[in-house]
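To keep things clear, I will list the structure first and then write my remarks on it.
In my numbering, the protein residues as written are -17 to 261.
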């Protein structure tokens, strides 16, 4: 397959582990796409919560308005919640995302009440201000850059042909949203993104940092808000496993800013040495 590589979909996930927003264009910033994972739900221990433990989080839809984010629960009789773009408190606290300790700000009491009722446990919503540092893992990052509340890196890219290949192997196909990418492209061979090191999308230069290790979150059906079995991890483990980790997609960074739009052409400048996924 020698077709051109074209950016075909753009997604942001403003509140970590809640619903995606599909965009036609997006502003690229140091921490990732604008608004991507700048909000986080925490428990009473100030620790992040995700669909790994609470798959029903997938039932909360997020849309963008001029005033902020609008949240709706697909299966509960709750009025919509408006989350302002800027916090309405000065309540600063230290939150935990994996092993990172990050300074964040409580958004407001209304968000805390709504999310607690929607999710069925005591939850609070915090925002990551520009002043809070959180550096990407220096073991992989080619340069210093701050990250949002994303798991580790500012961007995740996946080829549509990679998903198409996976779906030929699955008992039932899954949607791209299971893997929560920011950037999806058409063209190229399946898993071609594994080998990308330096590449351009439109006028911006990006760097492939490391393959993305996948977890139980990919087994959550985003339409049902529940774990529906062992797929796609079970199948991926048969041909995309290395060092006891299962990989799908590529983590990406950039030290440039600008705008990406659907239809932008991708040019691969340089590639990594090929690493074979063990059977």
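All residues carry an ideal CB built from backbone N, CA and C; glycine is no exception. In this text the structure is predicted, and so the values were computed from the model without any measurement.
inquiry  = Within 10 Å of its beta-carbon, does residue 306 have 16 or more other beta-carbons around it, so buried, or fewer, so exposed?
reply    = The shown model of the chain, from -17 to 261, leaves out residue 306, and the question about it has no answer.
request  = Consult DSSP for residue 177 and reduce its assignment to one of helix, strand or coil.
outcome  = It is helical.
ask   = When we look at the beta-carbon of residue 33 and count the other beta-carbons within 10 Å, is it buried (16 or more) or exposed?
value = With at least 16 other beta carbons inside 10 angstroms of its own, residue 33 counts as buried.
message = Mapping the DSSP letters down to three states, classify residue 146 as helix, strand or coil.
response = Residue 146: helix per DSSP, three-state reduction.
task = Per DSSP, which residues does residue 7 bridge with? Please list them.
result = DSSP output for residue 7 lists 243 as bridge partner(s).
request  = Excluding the 5 residues preceding and the 5 following residue -5 in the sequence, name in chain order all residues of the same chain whose CB lies nearer than 7 Å to its CB.
outcome  = By the criterion of a C-beta distance shorter than 7 Å, residue -5 is surrounded in its chain by 2, 18, 19, 162, once the five residues flanking it on both sides are discounted.
query = Which first and last residues belong to the beta strand (DSSP E) in which residue 86 is found?
reply = 82 to 88 is the span of the beta strand (DSSP E), which, as asked, contains residue 86.
Whole-number beta carbon distance between residue -1 and residue 142, since they are thought to touch under 8 Å = Wrong, their Cβ atoms sit about 24 Å apart, outside the cutoff.
query = In its own chain, which residues sit with a C-beta less than 7 Å from the C-beta of residue 174, not counting the 5 before and 5 after it?
reply = These residues qualify, in order along the chain: 141.
ask   = Does the Cβ-Cβ distance between residue 24 and residue 168 come in under 8 Å?
value = In this structure, residue 24 lies away from residue 168, with their beta-carbon atoms at least 8 Å apart.
query = Going by beta carbon distance, what residues of the same chain come within less than 8 Å of residue 260, once the five residues before and after it are set aside?
reply = Below a pLDDT of 50, predicted positions are generally treated as unreliable, and residue 260, at 46, falls in that range; the measurement from the model is reported next regardless. Same-chain partners within the cutoff: 223, 224.
query = Which residues share a DSSP beta bridge with residue 55?
reply = Beta-bridge pairing links residue 55 to 42.
inquiry  = Taking the alpha carbon of residue 182 as the reference point, which residue from 127, 171, 165 has its own alpha carbon closest?
reply    = When only C-alpha atoms are compared, the closest one is 165.
task = Look at the alpha carbon of residue 30 and the alpha carbon of residue 186, and state the distance between them as a whole number of angstroms.
result = A direct Cα-Cα distance of roughly 32 Å separates residue 30 from residue 186.
ask   = Can you find a CB in chain D that lies within less than 8 Å of the CB of residue 206?
value = Absent here is chain D; the protein component of the structure consists of one chain.
ask   = Is the distance from the Cβ of residue 241 to the Cβ of residue 10 below 8 Å?
value = In this structure, residue 10 lies closer than 8 Å to residue 241 by Cβ.
request  = Quick one: grab the DSSP three-state call for residue 199.
outcome  = The answer is helix: DSSP assigns residue 199 an H, G or I state.
query = Which word fits residue 26, buried or exposed, when buried means at least 16 other C-beta atoms lie within 10 angstroms of its C-beta?
reply = It counts as exposed.
ask   = Is the CB-CB distance between residue 216 and residue 195 below 8 Å?
value = At the C-beta level, residue 216 and residue 195 stay beyond 8 Å of one another.
task = Would you kindly work out how many angstroms separate the C-alpha atoms of residue 252 and residue 178, rounded to a whole number?
result = Each residue's alpha carbon lies about 7 Å from the other.
query = How is the beta strand (DSSP E) around residue 106 delimited, first residue to last?
reply = Taken as a continuous stretch (DSSP letters only), the beta strand (DSSP E) holding residue 106 covers 106 to 109.
message = Given this structure, state the Cα-to-Cα distance separating residue 129 from residue 96, to the nearest angstrom.
response = The alpha-carbon atoms of residue 129 and residue 96 are separated by roughly 27 Å.
task = Decide yes or no for the touch test of the region 111 to 127 against the region 143 to 151: beta carbon pairs closer than 8 Å, at least 3 of them.
result = Taking 8 Å as the limit for Cβ pairs, the verdict is that the region 143 to 151 does not touch the region 111 to 127.
ask   = Given residue 235, which residues of its chain have a CB within under 8 Å of its CB, disregarding the five upstream and five downstream residues?
value = Excluding residues within five positions, the ones whose Cβ falls inside 8 Å are 118, 123, 124, 125, 127, 135, 136, 137, 188, 189, 191.
ask   = Assuming residue 238 and residue 193 make a contact with CB atoms under 8 Å, what is their CB distance in whole Å?
value = About 23 Å; that fails the 8 Å criterion.
ask   = Does the distance from the C-beta atom of residue 63 to that of residue 53 stay below 8 Å?
value = The answer is yes: Cβ separation under 8 Å.
ask   = My guess is that residue 69 and residue 87 are in contact by the Cβ rule of under 8 Å, so how many angstroms apart are they, rounded?
value = Contact holds; Cβ gap of about 4 Å.
query = What is the C-beta distance between residue 100 and residue 58, in whole angstroms, given that I count them as a contact (C-beta under 8 Å)?
reply = The beta carbons of residue 100 and residue 58 sit about 6 Å from each other, so the pair counts as a contact at 8 Å.
query = Between the C-alpha atoms of residue 218 and residue 149, what's the straight-line distance to the nearest angstrom?
reply = Their backbone Cα atoms lie some 10 Å apart in a straight line.
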